[in-house]
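Enquirer: Mapping the sequence shown onto the working numbering, position 74 (from 1) lands on 153, and the numbers just tick up by one.
In this text, a Cβ means the ideal position worked out from N, Cα and C, and glycines have one as well.
Since we're looking at a predicted model, the values are computed, not measured.
Please find one structure pasted underneath; my questions will follow.
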Amino acid sequence: MRRVLAIGAVLVVLAFLAVSLMLVYRTDGDSDKYAQCKNSAVAGGAELGGPFELVNAQGQTVTDADVITEPSLVYFGYTFCPDVCPLDVDRNARAVDELEARGMSVTPVFISVDPARDTPEVVGDFAANMHPKMIGLTGSPAQVKAASDAYRTYYKAHEDEGEDYLVDHSTFSYLVMPGEGFVDFFRRDVPPEQLADKVACFVEHQ
80 MRRVLAIGAV LVVLAFLAVS LMLVYRTDGD SDKYAQCKNS AVAGGAELGG
130 PFELVNAQGQ TVTDADVITE PSLVYFGYTF CPDVCPLDVD RNARAVDELE
180 ARGMSVTPVF ISVDPARDTP EVVGDFAANM HPKMIGLTGS PAQVKAASDA
230 YRTYYKAHED EGEDYLVDHS TFSYLVMPGE GFVDFFRRDV PPEQLADKVA
280 CFVEHQ
């Protein structure tokens, strides 16, 4: 009898979790104007993104409302990254150029997860070298962590390796719409042309 009750309890918990996930991740094609554009069930359903307060290249404190004034591709990385970040950021920049050729304006945003080395000047120079429209952001460790937590990104600095330490970090790019917030994310293996196609769908339906 106890075993039956235990199994029943487990099934109830599993059913509750399943329903909870459906409520968190479901997308409603009738009410969601972006339903046909979305990359996954998580997109637009999970609580990703949110307000942040960071520092721009001019040393000014800015909020997400100051930065996200048009559709934006947001990427978390660091300027001392030897390989992954430059490739990912360049991919985003090329997608932005492709979208511009189609008459669509999208802003690439780079948020540093290495505030110890990425000063406003450093992150500003990096962003300007990657794309003329790119906005580079950094901040205090607490500000960077808050922004990273909002987007559920991961980063870990190996500062014990000396001044040339590496930072492990996640590599997703996030599409954020002004006044709406996060709507989708993209993996780093999506080529620029395909990324432009995906972003264009959202822009056309905003």
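1) Can you tell me whether PRO220 is helix, strand or coil according to DSSP?
2) Beta-carbon within less than 8 Å of VAL282's beta-carbon, same chain only, minus the 5 sequence neighbours each way: which residues are those?
3) Three or more C-beta pairs closer than 8 Å, one from the segment 204-211 and one from the segment 227-242: is that the case here?
4) When burial is assigned at 16 or more other CB atoms within 10 Å of the CB, is ARG181 buried or exposed?
5) Under a three-way DSSP split, which group does PRO187 fall into?
6) Measure the alpha-carbon distance for LEU127 versus LEU254 and round it to whole angstroms.
7) Report the rounded CA-to-CA distance for ARG267 versus PHE251, giving the unit in angstroms.
8) With distances taken Cα to Cα, identify the nearest neighbour of ARG196 among GLU272, TYR234, ASP169 and TYR244.
9) Please classify THR158: is it buried, with 16 or more other beta-carbons within 10 angstroms of its beta-carbon, or exposed?
10) Following the continuous alpha helix (DSSP H) through MET209, name the residue where it begins and the one where it ends.
11) What's the gap between the Cα of GLU242 and the Cα of LYS224?
12) Would PRO257 pass as a contact of ILE147 if the rule is Cβ separation under 7 Å?
13) ASP247 by DSSP, collapsed to three states: which one?
14) Does the separation of the CB atoms of PRO199 and GLY138 fall below 7 Å?
Expert: According to the structure shown:
1) helix
2) PRO150, LEU178, MET183 and VAL185
3) no
4) With fewer than 16 neighbouring CB atoms inside 10 Å of its own CB, ARG181 falls in the exposed class.
5) strand
6) Distance from the CA atom of LEU127 to the CA atom of LEU254, rounded to whole angstroms, is 11 Å.
7) 6 Å
8) The residue among GLU272, TYR234, ASP169 and TYR244 with its C-alpha nearest the C-alpha of ARG196 is TYR244.
9) Buried, because 16 or more other Cβ atoms sit within 10 Å of the Cβ of THR158.
10) 199-209
11) Counting only the Cα atoms, LYS224 lies some 21 Å from GLU242.
12) Closer than 7 Å, so yes.
13) The answer is strand: DSSP assigns ASP247 an E or B state.
14) Between PRO199 and GLY138, the gap from beta carbon to beta carbon is short of 7 Å.
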